[in-house]
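J.: First, the structure itself, so that you have it in front of you.
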Amino acid sequence: MSHFEMTASKQPVRAALRSLRTSPRFRRLFFARTISVFGSQFTNVALAFAILAIPGTSTATLGLVFGSLSLSTVIFLLIGGVLGDRIRRDLLMVSADLVNAVAIGATAFLLAGDRPSIAAICGLAALSGAAVAVSSPAM
Numbered sequence: 012m013s014h015f016e017m018t019a020s021k022q023p024v025r026a027a028l029r030s031l032r033t034s035p036r037f038r039r040l041f042f043a044r045t046i047s048v049f050g051s052q053f054t055n056v057a058l059a060f061a062i063l064a065i066p067g068t069s070t071a072t073l074g075l076v077f078g079s080l081s082l083s084t085v086i087f088l089l090i091g092g093v094l095g096d097r098i099r100r101d102l103l104m105v106s107a108d109l110v111n112a113v114a115i116g117a118t119a120f121l122l123a124g125d126r127p128s129i130a131a132i133c134g135l136a137a138l139s140g141a142a143v144a145v146s147s148p149a150m
């Protein structure tokens with residue numbers, strides 16, 4: 012492939028990227044999604060340290076919490092794919108992010124108390140995993 016052919020093939024890509032950079036709707040989506048993904052991942056790190064800081068817990072407890080989160084993610088990923096095909100995607104992603112925010116907030120509230128319930132934390136972790144799984148295919 013000559014230099015001219017390679018340069019010519021890059022022009023439509025550059026034009027598409029330029030139009031994305033100037034689109035306010037794309038910028039809002041990009042920044043909102045970036046914040047959501049980073050927030051969800053940092054929450055997992057903070058949750059691990061918070062669980063291990065609870066007196067009487069062990070790595071097995073941590074495994075139980077993250078196992079419930081992972082299992083619900085696997086189960087609801089397929090459901091999220093079906094919902095993403097049938098419901099407006101923007102509505103689905105915003106709703107799932109709101110459910111995830113409520114689950115994370117409730118988990119933080121529980122962990123701020125004196126004696127957090129591991130069963131409740133597992134349930135909220137499962138809810139958070141389900142919310143992330145439902146919104147992922149809609150992206």
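In this note's numbering, the protein residues as written are 12 to 150. Even glycine gets a Cβ: it sits at the ideal position worked out from N, Cα and C. Here the structure is a predicted model, which means the values were calculated and not measured.
Along the chain, which unbroken stretches of the alpha helix (DSSP H) at least 4 residues long are found entirely within the region 37–111?
T.: 70–97
J.: Check whether the Cβ atoms of PHE82 and LEU73 sit closer than 8 Å, and answer yes or no.
T.: Here residue 82 is Leu; the residue named in the question, Phe, does not match the sequence. No.
J.: Taking the CB atoms as reference points, tell me whether SER147 and GLY78 lie closer together than 8 Å.
T.: No, the Cβ-Cβ distance between SER147 and GLY78 is not below 8 Å.
J.: Is VAL76 buried or exposed, if buried means 16 or more other CB atoms sit within 10 Å of its CB?
T.: buried
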